[in-house]
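Colleague:
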Amino acid sequence: MDVNQDTGSFKERGGRHALMNLTDEEKKNGVYAASAGNHAQALAIHGKQLGIQVTVVMPRHAPLMKIPKCRELGANVIVQGKDISVARQIALQLAKE
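This note's numbering numbers the first residue of the sequence shown as 210 and each following residue consecutively.
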């Protein structure tokens, strides 16, 4: 049951699966994502477990409890963008740099 996941969300299954399927080069480079909450936490916790640096761009409207939790779980968190689509564009730009 997903409620028994560390974050209490089904997002963990997809996040871990995606991280485990990265190439060695991609793992070394880390991942960038945009999320307002559960996906960010899932990537943070599993990135930490797998030794993959995770950077999440969270929009300014992200729940205040999610931001410090993502940091606590090991993610580099950037709070920027008026909504998730802007946060996504920022994450894509960071990934290209």
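Note that beta-carbon positions come from the ideal geometry of N, C-alpha and C, so glycine has one too.
How far does the alpha helix (DSSP H) with Ala304 in it reach, from first residue to last?
Modeller: For Ala304, the enclosing alpha helix (DSSP H) has its first and last residue at Ile293 to Lys305.
Colleague: Return the bridge partner residues of Asn238 from the DSSP annotation.
Modeller: Partner(s): none; Asn238 has no beta bridge.
Colleague: Mark Pro268 as exposed unless 16 or more other C-beta atoms lie within 10 angstroms of its C-beta, in which case mark it buried.
Modeller: buried
Colleague: What is the residue span of the beta strand (DSSP E) that Ser285 lies within?
Modeller: First, the residue type needs correcting, since residue 285 is Asn and not Ser in the sequence shown. That run of the beta strand (DSSP E) goes Asn285 to Val288.
Colleague: Which class does Ala251 belong to by DSSP, given the choice of helix, strand or coil?
Modeller: helix
Colleague: Throw me the rounded Cβ distance for the Gln256 and Val266 pair, which I believe falls under 8 Å.
Modeller: The sequence shown places Gly at residue 256, not Gln. No, Gly256 and Val266 are not in contact; Cβ-Cβ is about 15 Å, not under 8 Å.
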